[in-house]
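Going by numbering that gives the first Met the number 0, the sequence shown opens with residue 0, and the numbers climb by one from there.
The beta-carbon is built from N, C-alpha and C at its ideal position, and this holds for glycine as well.
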Amino acid sequence: MTVTLNPQTLVDVVENKITPDPSKASGLNAICAWCSEQWRAILAEFVSTMLLIVFGCMACIPLDGFTPQPPLYGPLGFGLTVSFNIQIFGHISGAHMNPAVTLAAVIWGSMSITLALAYALAQCIGAIVGYGILVAVAPINVLPIGVCLTMPHAGHTLIQALGVEMVLTAALSFINCACWDPVNAQKQESVAIKFGLAIAGLSIAGGPLTGASMNPARSLGPALWTSGWYAHWVYWVGPCVGSALAAFIYKFIWLKKQD
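Below, the structure written as structure tokens:
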């Protein structure tokens, strides 16, 4: 889940294979400067994903432990959390908060595979820690087993659930690619708000069917803490395949070649 204010900000600020300025640093100092920027970005991914799970899932907790919250609470909780995470961490790491988005960035060519793996690890750990914080601060009687756990609808086959996650995440990836497209560099006003509303809209559409994860890390945290592994593979394969396909389509069909 990330956007760019212009082609060289947010995502590219870290992902453009950071090269130290030789006029300012050399030798060991240059390496240390490069590593420092990488670790700042990785830490930002950890914290932003942790906050995404804490506040997004907090919005899904039933007040009395049984009665579900209104259906808009979860989508708005996740969407608004994405908005302020982009505002806080976008210029540091790109505020991906999602291994599927990071995969799209690799395909786009703005991120190295090594950094992408570090991002994905930080995102997964952040999601696990985030749900752990939620477990620690929520009263036991209002945190039933399985809250915020992504599961397919009872009437869905796993293939149908896989398709839903692919389509939802493909839409998310198209949004990312459109924001990364240099043609849109001057059309990024209030991008954090716009992106958060897009996440909320996709969550409203797909929530009743699969939980609208669109994010392997977001599904991993609750699954690990609640041992809810049924159909968990759907929430890795679907988002990653959907995101990759959308990034390929946008890059090789719609992206204009730069002179």
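Classified as buried, R217 has 16 or more neighbouring CB atoms from the shown chains inside 10 Å of its CB. In the three-state reduction of the DSSP assignment, K256 falls in the coil class, being assigned neither a helical nor a strand state.
Comparing alpha carbon positions, the residue from C59, L62, A43, V100 closest to W235 is V100. The criterion of a C-beta distance shorter than 8 Å is not satisfied by P221 and Y72. Boundaries for V182: no alpha helix (DSSP H) harbours it, and the DSSP string shows neither H nor E there. Taking one beta carbon from each stretch, the segment 167-180 and the segment 52-65 have fewer than 3 pairs nearer than 8 Å; the two do not touch. With respect to the 8 Å criterion, V53 and P151 are not classified as neighbours on the basis of their beta carbons. Rounded to the nearest whole angstrom, the C-alpha separation of A230 and R39 is 34 Å. The segment 79-88 makes no contact with the segment 151-168; the number of CB pairs closer than 8 Å stays below 3.
Of the other Cβ atoms in all chains shown, 16 or more fall within 10 Å of the Cβ of I41; this residue is therefore buried. Taking C-beta separations shorter than 8 Å and ignoring five residues to either side along the sequence, the partners of A103 in its chain run S172, N175, C176, S242, A243, A245, A246, following chain order.
Taking C-beta atoms as the reference points, S47 and A94 count as a pair closer than 8 Å. For F88, the enclosing alpha helix (DSSP H) covers residues 72-92. In the displayed model, A40 falls within a helix according to three-state DSSP.
Proximity to L208 across G154, I252, L51, L79 peaks at G154, based on C-alpha coordinates. Excluding residues up to 5 positions away in sequence, V141 lie with their Cβ nearer than 7 Å to the Cβ of D63 in the same chain. Put simply, the backbone Cα of G108 is about 38 Å away from that of V134. Contact between P238 and E188 is absent: CB atoms are separated by about 28 Å, not below the 8 Å threshold. In this structure, T225 places its C-beta atom within 8 Å of the C-beta atom of G145. Within the same chain, A216, L219 come within 6 Å of C123 by CB-CB distance, once the 5 residues on both sides are set aside.
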